[in-house]
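Those sequence lines, one after another, are chains L and Z.
Residue numbers are given in the working numbering: position 61 of the first sequence equals residue 61, and the series is strictly consecutive.
Position in the second sequence (from 1) plus 1000 gives the number in the working numbering.
Every residue, glycine too, gets a C-beta built ideally from N, C-alpha and C.
Presented below is the structure to which this report refers.
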Amino acid sequence: MNAKKYPLRLHVNGETYELEVKPQRTLLEVLRNELELTGTNEGCATGDCGACTVLLDGVPVTSCLVFALDAHERQITTIEGLGTTEALHPLQRAFVERGAIQCGYCTPGLIMSAYALLQQNPQPTEAEVRHFIAGNLCRCTGYTKVVEAVLAAAEVSEQ
Amino acid sequence: MKPFEYYAPETLEAAVEIMARYEEGVYPVAGGTDLIPKMRYGQIQPKVVVNLKRIPGLAEIVPQDDGSLKIGALATLTQVASSPKVRERYLMVAQIAGKMASVPVRNLATVGGNLCNAAPSADLAPPLIALDAEAVIFGPQGERRVPLEAFFTGPGQTVLGRGELLTAVVVPPPDPQARGTYIKHAHREALDIAIVGVAAWVRFEEGGSVCEDAHIVLGAVAPTPIRAREAEAAIRGAPLTEERIAEAGRLAAEAARPIDDVRGSAWYRREMVAVLTRRALFSVTISQ
Ligand SMILES: Cc1cc2nc3c(=O)[nH]c(=O)nc-3n(C[C@H](O)[C@H](O)[C@H](O)COP(=O)(O)OP(=O)(O)OC[C@H]3O[C@@H](n4cnc5c(N)ncnc54)[C@H](O)[C@@H]3O)c2cc1C
Ligand code: FES
Ligand code: FES
């Protein structure tokens, strides 16, 4: 089959990238392999785990289920766009402080989901947090600490 | 995944023209949440992919002059779940849309994709069929409409012909005398596919408990979503009593043609059709 590449312009974390990609590449693959933004993880590649969650035009999506070409000219925010090692985002700090990270594989996706939740609902209830992050699977924490961290970050942002 | 030719047309006519060029191997993509996993699992290998998301207007939810509601094929599950137009008229549709898959998948997944993928378990099919929705199809010969019930022809199969796309579903005006509910039976609340789904829609006589009309639609228990017509007939024209509800459950179970799979055995599914049909009918009776 043809190995034709297609032009692609991505706006990621405020920067614009001009690329040429194969049509079958997913947004997740391009973020990780072309842009070397490896914070976004691949768990399942079929939409089930949420490890690949990024914001596309402001809403969380599983980037393994998006053809990169479909993200042409659209705004993407990844975990690298939230905080830096020196200046963590309040959500990142809360995850660290509350022990909501164990192996950390699910963390970038969970934080992007939580970030999207707090943007649309700055003071969620525990039930709202649990429902919103139901698409992010975590094999380690049992979720309790994750939920605590999101609620703690919501409180910090309120102050 | 294997490479394919990619198009992102900006009009419906252009999309249809591209689609019609190929006899096979051409797939439209909406949310991609069914298509991409199927490509990953090697179940399909598209030669051509036509992205429908650049076509303006296809995602709109628009009330029509006759009181019906046109839900664009490209409307996402998130849009449907949060749309006041859907919530006020057809709560059961908004409610299930807000519970399918997960938040990040619902932000991608579309109404049209759920229906065109034609999984026997597709959650939007039973409630929309119960509401007598119509599928609006656009193709090389122009527009045609078919009752959504007749849209599905087998697992993964629809009436869509070469070059044809689903552009919308039209749901008839809400009936103030009617109540509907959809019960999805699954192991988990999120990220799970229905073992059995039952939608019930009942129109009651004004001020009474007599059932004037009923639609009972079963999901995940036959090659396509199906109406349980004997069960419907058993409750039509009489008060919805416990005995009639039990009889409707029994007849609905008889109408099911379930299979054994990882989610449940055929026997279990059939039993659950009876249980859920009863539960759905009780719930519309009580909420009356
Ligand atoms: C993790 C996960 C959980 C899920 N949970 C559920 C669930 O709870 N309930 C449920 O019912 N489904 C579920 N699904 C399946 C899927 O998300 C839904 O069926 C969704 O609505 C599909 O829409 P889409 O826009 O992503 O379809 P796509 O993947 O874009 O398309 C699906 C099929 O329809 C065709 N198609 C799409 N749009 C059109 C059109 N307008 N005209 C003609 N053909 C078209 C495509 O070619 C393809 O064959 C889940 C999927 C995942 C990955
Ligand atoms: S890698 Fe995308 S949901 Fe698992
Ligand atoms: S911390 Fe290990 S998967 Fe969540």
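Inter-residue Cα distance where the pair is residue i and residue j
{"i": "P1174/Z", "j": "L91/L", "result": "44 Å"}
{"i": "G1197/Z", "j": "A1150/Z", "result": "18 Å"}
{"i": "E1134/Z", "j": "P1147/Z", "result": "4 Å"}
{"i": "N1051/Z", "j": "C103/L", "result": "37 Å"}
{"i": "E1206/Z", "j": "C44/L", "result": "52 Å"}
{"i": "L10/L", "j": "M112/L", "result": "18 Å"}
{"i": "N41/L", "j": "E34/L", "result": "14 Å"}
{"i": "G39/L", "j": "T1110/Z", "result": "28 Å"}
{"i": "P1104/Z", "j": "G1208/Z", "result": "43 Å"}
{"i": "A1130/Z", "j": "A1178/Z", "result": "11 Å"}
{"i": "T16/L", "j": "K4/L", "result": "22 Å"}
{"i": "R1236/Z", "j": "D1213/Z", "result": "5 Å"}
{"i": "L12/L", "j": "S63/L", "result": "The sequence given here has Val at residue 12/L, not Leu. In a straight line, the C-alpha of V12/L is about 13 Å away from that of S63/L."}
{"i": "L31/L", "j": "F1152/Z", "result": "38 Å"}
{"i": "H72/L", "j": "A1118/Z", "result": "29 Å"}
{"i": "V54/L", "j": "A114/L", "result": "11 Å"}
{"i": "P1037/Z", "j": "Q1043/Z", "result": "9 Å"}
{"i": "T1285/Z", "j": "L1035/Z", "result": "39 Å"}
{"i": "A1255/Z", "j": "R1270/Z", "result": "9 Å"}
{"i": "G83/L", "j": "H89/L", "result": "5 Å"}
{"i": "P162/L", "j": "C1211/Z", "result": "Past the edges of chain L, shown from 1 to 159, lies residue 162/L, and the structure says nothing about it."}
{"i": "E158/L", "j": "A134/L", "result": "24 Å"}
{"i": "M1039/Z", "j": "A1101/Z", "result": "19 Å"}
{"i": "R1106/Z", "j": "G1098/Z", "result": "8 Å"}
{"i": "R1203/Z", "j": "T1277/Z", "result": "16 Å"}
{"i": "I1096/Z", "j": "S1082/Z", "result": "11 Å"}
Anticipated Cβ contact below 8 Å, residue i with residue j, distance rounded
{"i": "A1253/Z", "j": "R1244/Z", "result": "At roughly 15 Å, the Cβ-Cβ gap does not stay under 8 Å, so A1253/Z and R1244/Z are not in contact."}
{"i": "T1167/Z", "j": "I1137/Z", "result": "7 Å"}
{"i": "Y129/L", "j": "V156/L", "result": "The residue you asked about is not Tyr; residue 129/L is Val in the sequence shown. No, V129/L and V156/L are not in contact; Cβ-Cβ is about 15 Å, not under 8 Å."}
{"i": "P23/L", "j": "Y1041/Z", "result": "About 19 Å; that fails the 8 Å criterion."}
{"i": "C1116/Z", "j": "L1160/Z", "result": "7 Å"}
{"i": "Q1064/Z", "j": "V1170/Z", "result": "7 Å"}
{"i": "D48/L", "j": "L1077/Z", "result": "Going by Cβ atoms, the distance from D48/L to L1077/Z rounds to 16 Å, so no, they are not a contact pair."}
{"i": "T1224/Z", "j": "G1154/Z", "result": "6 Å"}
{"i": "G50/L", "j": "G109/L", "result": "5 Å"}
{"i": "L117/L", "j": "F132/L", "result": "4 Å"}
{"i": "K1070/Z", "j": "V1080/Z", "result": "With a Cβ gap of about 12 Å, K1070/Z and V1080/Z do not count as contacting."}
Cβ shell of residue i (< 7 Å), same chain only, five flanking positions each side left out
{"i": "L1112/Z", "result": "Residue 1112/Z is actually Gly in this sequence, not Leu. Only A1030, A1073, L1074 and L1166 meet the Cβ criterion."}
{"i": "R943/Z", "result": "In this structure chain Z extends from 1001 to 1288, so residue 943/Z is not present and cannot be described."}
{"i": "T1194/Z", "result": "Note on identity: in this sequence residue 1194/Z is Ala, with Thr being the wrong assignment. Contacts found: S1121, D1123, K1184, H1185, A1186, G1219 and A1220."}
{"i": "I1259/Z", "result": "A1266"}
{"i": "E1247/Z", "result": "A1234"}
{"i": "M1/L", "result": "With a pLDDT of only 49 at M1/L, under the threshold of 50, the placement of this residue in the model should not be trusted; the figure read from the coordinates follows. Excluding sequence neighbours, M1/L sits near nothing in its chain."}
{"i": "I1055/Z", "result": "P1009, E1010, T1011, L1012 and A1015"}
{"i": "N136/L", "result": "G50, T53, C106, G109, L110 and S113"}
{"i": "C140/L", "result": "Q102 and C103"}
{"i": "G1025/Z", "result": "P1046, K1047 and V1048"}
{"i": "S1287/Z", "result": "R1179"}
Same chain only: Cβ atoms within 6 Å of residue i, ignoring 5 sequence neighbours per side
{"i": "G964/Z", "result": "Only positions 1001 to 1288 of chain Z appear in this structure, which leaves residue 964/Z out of reach."}
{"i": "N1114/Z", "result": "A1122 and L1124"}
{"i": "G1067/Z", "result": "P1173"}
{"i": "A1199/Z", "result": "P1126, P1127, A1130, Y1182 and V1217"}
{"i": "G81/L", "result": "N13"}
{"i": "L27/L", "result": "S63, V66, A68 and A71"}
{"i": "A1231/Z", "result": "I1216, A1248, L1251 and A1252"}
{"i": "I1226/Z", "result": "L1218"}
{"i": "A153/L", "result": "P90, L91 and A94"}
{"i": "E148/L", "result": "R98"}
{"i": "T1033/Z", "result": "V1105, L1108 and A1109"}
Own chain, CB closer than 8 Å to residue i, minus 5 neighbours either side, in chain order
{"i": "V21/L", "result": "K5, Y6, L8, V30, E34, A68 and L69"}
{"i": "R1145/Z", "result": "E1134, A1135, V1136, I1137 and V1170"}
{"i": "Y1027/Z", "result": "L1035, I1044, P1046, V1048, V1049 and V1050"}
{"i": "M1272/Z", "result": "H1185, I1195, V1196 and G1264"}
Residue i CB to nearest heavy atom of ligand 4 below 7 Å
{"i": "Q92/L", "result": "Ligand 4 is not part of this structure, which contains only ligand 1, ligand 2 and ligand 3."}
Open item on the list: Whether or not the region 117-131 of chain L and the region 1085-1093 of chain Z are in contact is what I'm after, with contact meaning three or more pairs of Cβ atoms, one per stretch, closer than 8 Å; do they touch?
Closed with: no
Task: Members of the region 1172-1197 of chain Z near chain L, C-beta cut-off 8 Å - done: E1189, A1190 and L1191
Task: Interface residues of the region 43-57 of chain L facing chain Z [CB-CB below 7 Å] - done: A45, T46, G47, D48, G50 and T53
TODO: Name, going along the chain, the residues of the region 1027-1038 of chain Z whose beta-carbon falls closer than 8 Å to a beta-carbon of chain L.
DONE: V1029, G1031, G1032, T1033, I1036 and P1037
TODO: Residues of the region 1096-1108 of chain Z with a CB closer than 8 Å to any CB of chain L: list them in chain order, please.
DONE: A1101, S1102, V1103, P1104, V1105, N1107 and L1108
- [ ] Name, going along the chain, the residues of the region 1145-1163 of chain Z whose beta-carbon falls closer than 9 Å to a beta-carbon of chain L.
- [x] none
Task: Positions along the region 120-144 of chain L whose CB lies within less than 7 Å of some CB in chain Z - done: F132, A134 and G135
Task: Cβ-based contacts, 8 Å cut-off: residues of the region 1043-1070 of chain Z near chain L - done: K1047, V1049, N1051 and K1053
Task: Chain-ordered residues of the region 65-99 of chain L with a beta carbon less than 9 Å from chain Z - done: L65, V66, F67, L69, D70 and H72
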